[in-house]
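Residue numbers (our numbering): 2 to 797.
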């Protein structure tokens, strides 16, 4: 063992001497098996002393051996540096840090692109999976963050990766992230006197921060994020400034590098031409013009713009011939009987370059956007483009149609998606064009169709919130809901040329849904001999919405995952069981449930009626009954009826087993374990909780693991094994903290205080009780007073 010098080598050698497997040592020390593997392979460059002490105790090392292991902990290992301006690179103390899985790189790059700012967990989920994350996305992000914490541990008390509420922040010095340093240098250059050499020198230093495109080897969502695009634009800005400040040509090499990376950027090439001309290299300036003009022509027949032509004239040549611009006008006809939506129209007027207008099926998203688009046409004199993205329309086909409409000859349109996207953005650069994209289903459909020019606007309608687009393209999210009763009556009155009071009976059954109102108006027009009163009575007695409304409901419903669809059906039938976090997120994102300002959610009445008419889905009844039984058992337990609670939980376990719901089984097993604890049967509790723990580990269910650890800890406490209770409860507290569950963490701390107190560690017990009481106070939980009274028995 003398040759083993690194902590991981020592841990592995001591473990083998003790004849322990990695799983056995991990259980004894309270660490995860994954953490132990990382330590033994020396992938953790700066192991925590707390982890090393836990391992020393579990391995029963002698004081000398423990000191040797702890001495190998390097403490503060040196500066951490993250480089984004090129391939992602991380060094710690001058040594390269291997990040491993692409997910680790994506999360770290996203945090570094927003250095110093808290990035919400939803933003990280969108960066990893777009708008279709897996069911366990939240726990997967927490696992990635935990892994990055180990990799980026610089030692000492300060860790650069912070948890802030439901988000995370990377906080390093201004020189420790190349993107932050670049932005600082660019700002200093712009603030410097342009007549001094200092301004040019700072701009050149800023450009030297770059090694290639932003996160050149990263995921597409990161490379195409708004933050990455802002940095790329900053690089061009710095190059333009370098060119303008150069007086003798000595500082143009970095400008040429940026021009090569941005081969179609006309303003940058214009400044490079002028800088070359100022230092007497007229041939070089003309060569730059000739090269970019040829590239523009090859990219789709685009002629040089006014900025480039102006530079060409300034260096002493005559103006080349310019192709005329073609201005398309593709907007469909706007609805004539449009009413309401004043807030939405104002938001669109003031919105950013990309707006997503979302809403449930039949809420009139397209009608509202077309009404605004026709009103806004004068602000987009260079054209208006429209595309319906419903179905499986491929972006490359739509780009071909757009380019053709903009006057690009068919033989000049590239075959690839990337080629068409680049040409489209080049053609509309320096133009004012409006793009309306209707019925989008995913951000991947939309991103290639977004122009890069600041004068263009894109408005997208979708039944989905398109969170990935909001994150990557800084899109504004606007929502269209049902109309209020007065506006509904006004819409019908306009369509039927009647007084609002006369159509009140027709409007009420439509519950403010514009599509249903339009169907009713069409029904009146097609049955002129039917009185409005008779038609209203027929609508009120109908068991389901009209066919047209049912079709849009069915289309939206088919887009749901199986679990979200099942829970939506249960909600429509009035199930008391709460909707799971992931399913709820999907239903809100799809606008099939609406969050209420005061808390809770609601569903449109017509959608509820349609869902109630659907046949039962597989597994609905057992799962709903199982969840209801668990909820009832909680009430029985709070009332002190522990045997009744146990019977309910055991019945729920059988139902989850019949339905094959492993997550439900784990929850029920833990709940049964708690019942056995309350009934004085801690051994039986441990048996059930171990089964729950096996399932939650296999499912990577962080909150389920935390709950099972907590029950195991209390069971050991009831058995009098206080040291083992402390170990399990400490792990429960850590898992609840990682899961962001403040209530669960407070409960674990309260039980942990009991275990410490029973083992004679009264000072530590008081600290845990006080932490638990403080958390319960913040949650408004009355248990704070009881726990604080325990702490008062052992003054510190």
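Backbone N, C-alpha and C define an ideal beta-carbon position, used for all residues, glycine too.
What three-state label does DSSP hand residue 385 in the structure shown? Walking along the chain shown from the start, residue 385 turns up at place 384. DSSP, reduced to helix, strand and coil, places residue 385 within a strand of the structure shown.
Quick check on the DSSP output: the beta strand (DSSP E) that includes residue 98 runs from which residue to which? Here the question's residue 98 lines up with position 97 in the chain shown. Element bounds for residue 98: n/a, residue is neither H nor E.
Please report how far the alpha carbon of residue 746 lies from the alpha carbon of residue 782, in whole angstroms. Translated into positions along the chain shown, residue 746 becomes position 745. Translated into positions along the chain shown, residue 782 becomes position 781. Rounded to the nearest angstrom, the two C-alpha atoms are 13 angstroms apart.
Report yes if the C-beta distance between residue 245 and residue 262 is below 9 angstroms; otherwise report no. In the chain shown, residue 245 corresponds to position 244, counting from 1. In the chain shown, residue 262 corresponds to position 261, counting from 1. Pairing residue 245 with residue 262 gives a Cβ-Cβ distance that is not under 9 angstroms.
Grab the span of the beta strand (DSSP E) containing residue 477 for me, first residue to last. As a working note, residue 477 is residue 476 in the chain shown. Counting along the chain, the beta strand (DSSP E) containing residue 477 begins and ends at 477 to 481.
Could you name the residues that DSSP lists as bridge partners for residue 356? Numbered from 1 along the chain shown, position 355 holds the residue referred to as residue 356. 460 and 477, per the DSSP bridge assignment.
Where does residue 363 land, buried or exposed, given buried means 16+ other C-beta within 10 angstroms? As a first step, residue 363 is located in the chain shown; it is residue number 362 there, counting from the start. The residue in question, residue 363, is buried, as its Cβ has 16 or more Cβ neighbours within 10 Å.
For the beta strand (DSSP E) containing residue 92, list its first residue and its last residue. One-based indexing of the chain shown puts residue 92 at position 91. For residue 92, the enclosing beta strand (DSSP E) begins and ends at 90 to 93.
Alpha-carbon to alpha-carbon, residue 85 and residue 360: Indexing the chain shown from 1 puts residue 360 at position 359. Indexing the chain shown from 1 puts residue 85 at position 84. In this model, residue 360 and residue 85 are separated by some 37 angstroms (Cα to Cα).
Could you check how far apart the C-beta atoms of residue 329 and residue 384 are, in whole angstroms? I think they sit under 8 angstroms. Working through the chain shown from its first residue, we reach residue 329 at position 328. Working through the chain shown from its first residue, we reach residue 384 at position 383. At roughly 4 angstroms, the Cβ-Cβ gap stays under 8 angstroms, so residue 329 and residue 384 are in contact.
In three-state terms, what does DSSP make of residue 81? For the purposes of this step, residue 81 is identified with residue 80 of the chain shown, where counting begins at 1. In the three-state scheme derived from DSSP, where H, G and I count as helix and E and B as strand, residue 81 is classed as strand.
List the residues that DSSP assigns as beta-bridge partners of residue 603. As a first step, residue 603 must be located in the chain shown, where it is residue number 602. Checking the DSSP bridge columns, you'll see residue 603 partnered with 595.
Span separating the alpha-carbon of residue 742 from that of residue 707: Within the chain shown, the letter at position 741 stands for residue 742. Within the chain shown, the letter at position 706 stands for residue 707. About 10 angstroms.
Report the three-state DSSP secondary structure of residue 165 (helix, strand or coil). Stepping through the chain shown from its first residue, residue 165 is reached at position 164. Residue 165 falls in the strand class under three-state DSSP.
Beta-carbon separation of residue 478 and residue 511 under 9 angstroms? To locate residue 478, count along the chain shown from 1; it is residue 477. To locate residue 511, count along the chain shown from 1; it is residue 510. Remark: C-beta atoms of residue 478 and residue 511 do not approach each other more closely than 9 angstroms.
Would residue 555 be called buried (16 or more neighbouring beta carbons within 10 Å of its own) or exposed? Here the question's residue 555 lines up with position 554 in the chain shown. Residue 555 comes out exposed.
Beta-carbon within less than 7 angstroms of residue 38's beta-carbon, same chain only, minus the 5 sequence neighbours each way: which residues are those? Taking the first residue of the chain shown as position 1, residue 38 is located at position 37. Cβ within range, chain order: 23.
Measuring straight from C-alpha to C-alpha, what distance separates residue 798 and residue 171? This structure leaves residue 798 out entirely; the chain is present only between 2 and 797.
Please list the terminal residues of the continuous alpha helix (DSSP H) segment that includes residue 370. On the chain shown, residue 370 is found 369 positions in, with the first residue counted as 1. If you look at residue 370, you'll find it in the alpha helix (DSSP H) that goes 366 to 377.
For residue 330: DSSP bridge partner residues: Along the chain shown, read from residue 1 onward, the residue named residue 330 stands at position 329. BP columns for residue 330 point to 385.
Once the 5 residues before and after residue 369 are set aside, which same chain residues still bring their CB inside 8 angstroms of it? The residue labelled residue 369 in the question sits at position 368 within the chain shown. Closer than 8 angstroms at the Cβ level, and outside the excluded window around residue 369, lie 339, 342, 345, 346, 358 and 481.
Segment contact, 8 angstroms Cβ cut-off, at least three pairs: the segment 371 to 381 with the segment 510 to 524: The segment 371 to 381 makes no contact with the segment 510 to 524; the number of CB pairs closer than 8 angstroms stays below 3.
Beta-bridge partners of residue 87, as assigned by DSSP: Residue mapping note: residue 87 aligns to position 86 of the chain shown, counting from 1. Looking at the DSSP assignment, residue 87 forms a beta bridge with 215.
Taking the C-alpha atoms as reference points, what is the distance between residue 295 and residue 288? Here residue 295 is taken as the residue at index 294 of the chain shown, counted from 1. Here residue 288 is taken as the residue at index 287 of the chain shown, counted from 1. Rounded to whole angstroms, residue 295 to residue 288 spans 11 angstroms at the Cα level.
With a threshold of 16 other CB atoms inside 10 Å of the CB of residue 96, please say whether the residue is buried or exposed. Numbered from its first residue, the chain shown carries residue 96 at position 95. So residue 96 ends up on the exposed side.
Closest by CA to residue 450, which one among 264, 590 and 401? One-based indexing of the chain shown puts residue 450 at position 449. Looking from the CA of residue 450, the closest CA among 264, 590 and 401 belongs to 401.
Am I right that residue 652 and residue 630 are in contact with their C-beta atoms under 8 angstroms? What's the rounded C-beta distance? Stepping through the chain shown from its first residue, residue 652 is reached at position 651. Stepping through the chain shown from its first residue, residue 630 is reached at position 629. The C-beta separation of residue 652 from residue 630 comes to about 5 angstroms, placing the pair in contact by the 8 angstroms criterion.
CB of residue 612 within 9 angstroms of CB of residue 143, strictly: Here residue 612 refers to the residue found at position 611 of the chain shown. Here residue 143 refers to the residue found at position 142 of the chain shown. No, Cβ-Cβ distance for residue 612 and residue 143 is not below 9 angstroms.
Closest to residue 29 by CA distance: which of 665, 724 and 683 is it? The count along the chain shown starts at 1 and reaches residue 29 at position 28. When 665, 724 and 683 are compared, the shortest CA-CA separation from residue 29 is found for 724.
Taking the beta strand (DSSP E) that residue 390 belongs to, which residues open and close that run? Working through the chain shown from its first residue, we reach residue 390 at position 389. Segment: none, residue 390 is in no beta strand (DSSP E) and carries neither H nor E.
Return yes when the Cβ of residue 128 is within less than 9 angstroms of the Cβ of residue 98, no when it is not. The residue given as residue 98 occupies position 97 in the chain shown. The residue given as residue 128 occupies position 127 in the chain shown. No, the Cβ-Cβ distance between residue 98 and residue 128 is not below 9 angstroms.
Which term fits residue 319, buried or exposed, when burial requires 16 or more other beta carbons within 10 angstroms of its beta carbon? Translated into positions along the chain shown, residue 319 becomes position 318. Annotation note: pLDDT 38 at residue 319 (below 50); position unreliable, no value reported.
Residue from 60, 34, 50 and 12 with nearest C-alpha to residue 43: In the chain shown, counting from the first residue as 1, residue 43 sits at position 42. If we check each option's Cα against that of residue 43, 12 comes out closest.
Contacts around residue 139, its chain only, beta-carbon distance under 6 angstroms, and the 5 residues preceding and following it disregarded: The residue labelled residue 139 in the question sits at position 138 within the chain shown. No residues qualify anywhere along the chain.
Counting along the chain, where does the alpha helix (DSSP H) carrying residue 439 start and finish? In the chain shown, the residue the question calls residue 439 occupies position 438. It is not in any alpha helix (DSSP H) - residue 439 instead sits in the beta strand (DSSP E) that spans 435 to 439.
If we ignore side chains and look at the alpha-carbon of each, how far apart do residue 153 and residue 92 end up? Numbered from its first residue, the chain shown carries residue 153 at position 152. Numbered from its first residue, the chain shown carries residue 92 at position 91. A direct Cα-to-Cα measurement between residue 153 and residue 92 gives close to 9 angstroms.
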